[in-house]
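In the working numbering, the protein residues as written are 71 to 349. Think of the CB as a built atom: it goes at the ideal place given N, C-alpha and C, for glycine as much as any other residue.
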Ligand code: PAF
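What follows is the structure, encoded as structure tokens:
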């Protein structure tokens, strides 16, 4: 595996991949088995695999965890070598966002609810960096986890609207044995919080089971599921929503494919999770 730290070097490489397909996994590092499932799929489907490791300041709000976000580049490097990755692209912030940087991109509609509502500007930062990374790496296919279901749909919309020639692939959520979705932020949890964290998936699963039983009243199902989260006083629910799978608008009556999605604070740690239900 070759480690590339300069944008110009990655651009030089991507000028000529010799007609080979390129699978790209953008990450912010602190890699876990969820990321590695994307890398493995990219390895299966492509001749060349590129993984970026870049903690993107543009997608963090002023009171969010940008400076505390876990950085463990040596460990990440070893994990990616173990997956037979061809290039790890890990640029400096000053190269991605030089002093005179002044461009912004906004994806509307899909960002109105869920994380988009509670993290203003977050998806502007995500689409900006992914757009830049696509221009630098020039992938054939790009891989993202379903845990960030809104992120995937927002990025897919950007790719479609801007006529970008990248195939977007969404991979299933990887979970711990007790159901907690893998996330780099799980390492912030205290042992006590870690014990409570699986309740997030249990509450979502409760809603999913009710929908599968044929219940249609989204509001009632939501209330019942949120009550389950109420058993731990240190959990603060940011949102618990049942949204249309395509538009990401909350539904009142469940008649088509939906996403049950939630975000909670457990102590200082923000956790998100979701399930897609086909009715
Ligand atoms: O999902 C993430 O880790 C990030 O949002 C991404 C897509 C790498 C952009 O910084």
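Set against 8 Å, the gap from the CB of residue 97 to the closest heavy atom of ligand 1 is smaller. In the three-state reduction of the DSSP assignment, residue 331 falls in the strand class, which pools E and B.
Residue pairing from DSSP places residue 159 in a beta bridge opposite 74, 122. Cα atoms of residue 292 and residue 310: separation of roughly 7 Å, rounded to the nearest angstrom.
By the neighbour-count definition (other C-beta atoms within 10 Å, threshold 16), residue 349 is an exposed residue. Under the three-state reduction of DSSP output, residue 134 falls in the coil class, being neither helix nor strand. A residue is called buried when at least 16 other Cβ atoms come within 10 angstroms of its Cβ; residue 204 meets this threshold and is buried. Note on the stretch 140-204: whole beta strand (DSSP E) runs with a minimum of 3 residues are 157-159, in chain order. Three or more Cβ pairs drawn from the stretch 188-197 and the stretch 124-137 lie within less than 8 Å of each other, which places the two stretches in contact. Placement of the Cβ of residue 122 at a distance of less than 8 Å from at least one heavy atom of ligand 1 is found.
In this structure, residue 160 sits near residue 75, with a CB-CB distance shorter than 9 Å.
One thing to note: residue 336 has its Cβ within 9 Å of the Cβ of residue 266.
If you draw a straight line from the Cα of residue 206 to the Cα of residue 284, it is about 47 Å long. Residue 212 carries a strand assignment under DSSP once its states are collapsed to helix, strand and coil. Contact annotation: residue 242 and residue 216 have beta-carbon atoms nearer than 9 Å.
When the five nearest sequence neighbours on each side are left out, the beta carbons in the same chain lying within less than 6 Å of the beta carbon of residue 112 are those of 93, 95, 119, 213, in order along the chain. Taking the CA atoms as reference points, residue 331 sits about 35 Å from residue 165. According to the DSSP assignment, residue 305 belongs to the beta strand (DSSP E) that extends over 305-314.
As a beta-bridge residue in DSSP terms, residue 241 pairs with 215. Per the Cβ contact rule, the stretch 100-114 is in contact with the stretch 249-268 (3 or more Cβ pairs under 8 Å).
Selection 271, 158, 282 evaluated against residue 84 yields 158 as nearest (Cα-Cα). According to the DSSP assignment, residue 95 belongs to the beta strand (DSSP E) that extends over 92-97. Not one heavy atom of ligand 1 falls within 8 Å of the beta-carbon of residue 177.
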